[in-house]
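> 146 is the number of the first residue of the sequence shown in the working numbering; add one for each residue after it.
Think of the CB as a built atom: it goes at the ideal place given N, C-alpha and C, for glycine as much as any other residue.
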Amino acid sequence: MAPLTTVTRALARSSPAAALLRPLTAAATMSTSPALRDASSTYQSPFKGESDSTKMPDFTKYMSKNGGGNQVFSYFMVGALGAISAAGAKSTIQEFLKNMAASADVLAMAKVEVDLGAIPEGKNVIIKWRGKPVFIRHRTASEIDEANQVNVASLRDPQSDEDRVKKPEWLIMLGVCTHLGCVPIGEAGDYGGWFCPCHGSHYDISGRIRKGPAPLNLEIPAYDFSDDDKLVIG
Ligand code: FES
146 MAPLTTVTRA LARSSPAAAL LRPLTAAATM STSPALRDAS STYQSPFKGE
196 SDSTKMPDFT KYMSKNGGGN QVFSYFMVGA LGAISAAGAK STIQEFLKNM
246 AASADVLAMA KVEVDLGAIP EGKNVIIKWR GKPVFIRHRT ASEIDEANQV
296 NVASLRDPQS DEDRVKKPEW LIMLGVCTHL GCVPIGEAGD YGGWFCPCHG
346 SHYDISGRIR KGPAPLNLEI PAYDFSDDDK LVIG
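Next up, the structure:
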């Protein structure tokens, strides 16, 4: 009978695992083939023969032979990437600003045009502007006179009538009481102007506070006359 080790070797040679191992053995054999051995024997290490490890070896033979050709390419790439980044940044900022800008309906609300020809002398009109009431008073000559007779120094919020109007016959004010924000009533109060029923503030015919808890005159909004009978508020 054959010894046990001889039988085991024979079985291993004929098994599928042995078939897998055979190419690996062949590759191991190739790695030491004469061609590879020749290639490795021609390689010259730049550090070979250097006794001083701090000395920089000579790499000139590995440097590019085409002069500044690589630099031109580098400059081109840097320039191109810079241009693309700038274009991207510009478009992002433009989109951002477009989103932040007021929409058309908001812009339309920002200014209101009023036809003054439709407001008779001695009458009040209230319009809505940016969610707030605006009083427009077509004043009579006697009302203008009365507004100018007042001693400005005696007022709680001293302001002359001419500082509150652009044309004496047209008084334009925000209809918001300067005490706590109620809407005063026109042609009422002790001074023939406006009266705030919330806590009893009296404003005169120029919208100046004369009596009651309100600290300031009625506010004058930004406005202009686009022509003789057109008022633009805002
Ligand atoms: S809110 Fe007008 S008097 Fe107070």
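1. In or out: S371 buried (at least 16 other Cβ within 10 Å) or exposed?
2. Give me the DSSP bridge partner(s) of N362.
3. From which residue to which residue does the beta strand (DSSP E) around E258 run?
4. To the nearest angstrom, report how far apart C341 and V328 are at their CA atoms.
5. Since V279 and G326 should fall inside the 8 Å C-beta cutoff, what is the C-beta to C-beta distance between them, to a whole number of angstroms?
6. Is G267 near ligand 1, in the sense that its beta carbon is under 7 Å from a heavy atom of that ligand?
7. Looking at the unbroken beta strand (DSSP E) that takes in A333, where does it start and where does it end?
8. Can you tell which of D349, I330, K277, S219 has the C-alpha that lies nearest to the C-alpha of S343?
9. Considering only DSSP beta bridges, list what Y348 is partnered with.
10. Quick check: what's the CA-CA separation for T174 versus Q189?
11. P265 to Y336, Cα distance in whole Å?
12. Report the option in D369, A228, G338, F221 whose CA atom is closest to the CA atom of I354.
Reading it off the structure:
1. Walking along the sequence shown from the start, residue 371 turns up at place 226. Classification of S371: exposed, given that the 10 Å Cβ count is below 16.
2. For the purposes of this step, residue 362 is taken as the residue at position 217 of the sequence shown. Bridge partners of N362: none, in fact.
3. If you number the sequence shown from 1, residue 258 lands on position 113. Run containing E258: 257–260, per the beta strand (DSSP E) assignment.
4. On the sequence shown, residue 341 is found 196 positions in, with the first residue counted as 1. On the sequence shown, residue 328 is found 183 positions in, with the first residue counted as 1. The alpha-carbon atoms of C341 and V328 are separated by roughly 7 Å.
5. The sequence position of residue 279 within the sequence shown is 134, counting from 1. The sequence position of residue 326 within the sequence shown is 181, counting from 1. 15 Å between Cβ atoms; not a contact.
6. Counted from its first residue, the sequence shown places residue 267 at position 122. Result no, Cβ not under 7 Å from ligand 1.
7. Sequence index remark: in the sequence shown, residue 333 carries index 188 (1-based). Note, A333: beta strand (DSSP E), 330–333.
8. To locate residue 343, count along the sequence shown from 1; it is residue 198. At residue 343 the sequence reads Cys, which differs from the Ser that was named. Closest option to C343, Cα to Cα, is I330.
9. Translated into the one-based positions of the sequence shown, residue 348 becomes position 203. BP columns for Y348 point to W339, I354.
10. As a working mapping, residue 174 is identified with position 29 in the sequence shown. As a working mapping, residue 189 is identified with position 44 in the sequence shown. Residue placement at T174 is flagged as unreliable, the pLDDT there being 45, under the threshold of 50; a coordinate-derived value is accordingly withheld.
11. Along the sequence shown, one-based indexing puts residue 265 at 120. Along the sequence shown, one-based indexing puts residue 336 at 191. Distance between the alpha carbons of P265 and Y336 is about 21 Å.
12. If you number the sequence shown from 1, residue 354 lands on position 209. Cα-wise, what sits closest to I354 is G338.
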